[in-house]
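*Asks:*
Residue numbers (my numbering): 6 to 83.
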């Protein structure tokens with residue numbers, strides 16, 4: 006499995022709603038509330054060969070209440 010992270014900026018007052026929708030969709034491994042420029046930090050795993058851009062575009066950015074995302078690709082765990 007390939008891990009990656011997505012920082013998510015939500016509409017004001019919608020962070021918990023977005024987090025619950027991600028949890029209900031069962032596509033995220035971990036969901037964290039954060040302070041700063043983004044409201045949520047979400048860890049995903051996909052099968053090798055999966056197009057991460059399409060995954061984020063089709064399964065994450067379509068959730069109502071999301072304003073912006075920033076995808077962080079990881080290379081190696083230490």
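We put the beta carbon where it would ideally sit given N, CA and C, even for glycine.
The structure displayed is predicted, hence computed values, not measured ones.
Given a cut-off of 8 Å, decide if residue 19 and residue 43 are closer than it, judged by their beta-carbon atoms.
*Replies:* No.
*Asks:* Using three-state DSSP, classify residue 26 as helix, strand or coil.
*Replies:* Looking at residue 26 - three-state DSSP - the assignment turns out to be helix.
*Asks:* If you compare alpha carbons, which of 21, 33, 23 and 50 is closest to residue 6?
*Replies:* If we check each option's Cα against that of residue 6, 50 comes out closest.
*Asks:* The alpha helix (DSSP H) spanning residue 57 covers which residue range?
*Replies:* Where residue 57 is concerned, the enclosing alpha helix (DSSP H) stretches over 57-60.
*Asks:* Relative to the C-alpha of residue 40, which candidate in 69, 78, 12 and 22 has its C-alpha closest?
*Replies:* Closest by alpha carbon: 12.
*Asks:* Which first and last residues belong to the beta strand (DSSP E) in which residue 74 is found?
*Replies:* Counting along the chain, the beta strand (DSSP E) containing residue 74 begins and ends at 71-78.
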